[in-house]
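One structure is given below, encoded as structure tokens.
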Amino acid sequence: MKEFKGRVINEGEGEFECVVSRQGVNTLATFQKSALKNAKRVIGSDQNNPDVYGKNLTGVALILPQTIGSTTGGLVIQTICQMGIAPAAMLFSEEIDSLAASGVLLAKIWENSKIIAIDKIGKEILESANTGDRVKISKDGTITLLSKDEL
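Quick note, this note's numbering runs 452 ahead of the 1-based positions in the sequence shown.
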């Protein structure tokens with residue numbers, strides 16, 4: 453069990469399964485296909501990111517350095533929140549990028565989305581967490597990593 457602390461962008465709490473991307477997540481390539489299909493959940497569709505490709509991203513804690521790609525990224529995040537198929541949390545090892553920040557904040561304001569967003573956690577979370585682990589998130593930005601072996 454390891455503990456991390458980050459800066460809270462959108463507060464929330466809960467315990468969630470993790471999907472970990474050790475590279476930037478292209479929001480358009482990852483989320484748009486599921487949104488356009490009006491799917492019931494997001495299955496990562498970015499073939500250039502094997503960490504998320506083919507994985508269920510709905511209701512999980514997505515641990516990533518930052519989002520990358522198109523300037524439509526914020527709108528894509530807001531859209532999947534509106535559809536109710538977004539990750540439960542986005543946990544950024546680095547400072548949240550402006551596109552992801554706009555998406556999670558617009559979703560909070562316009563959609564009353566409960567997506568948790570925490571940044572500046574540090575790269576150690578990317579080195580410690582693995583897809584399938586669980587995290588417990590507190591409102592103050594504390595993240596407790598529970599590895600698969602500890603469950």
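A virtual CB, placed ideally from N, CA and C, is assigned to each residue, including glycine.
Just so we're clear, the structure is a prediction, and the values are computed from it rather than from any experiment.
Should residue i and residue j be called a contact, given that it needs their Cβ atoms to be closer than 8 angstroms?
i: ILE568; j: ALA538; result: no
i: GLY496; j: LYS572; result: no
i: LEU578; j: VAL472; result: yes
i: GLY476; j: PRO517; result: yes
i: GLY526; j: LEU558; result: yes
Among the options, which has the Cα closest to the Cα of residue i?
i: LYS485; options: LEU509, SER473 and GLU579; result: LEU509
i: THR479; options: ILE529, CYS470 and CYS533; result: ILE529
i: ASP592; options: GLY464, LYS454 and GLU455; result: GLY464
i: GLU467; options: LEU543, GLY555 and LYS575; result: LEU543
Tell me whether residue i sits in a helix, a strand or coil according to DSSP, three-state version.
i: GLU579; result: helix
i: GLY521; result: coil
i: LEU558; result: helix
i: LYS600; result: helix
i: VAL512; result: coil
What's the call for residue i, buried or exposed, on a 16-neighbour Cβ count within 10 Å?
i: ASP585; result: buried
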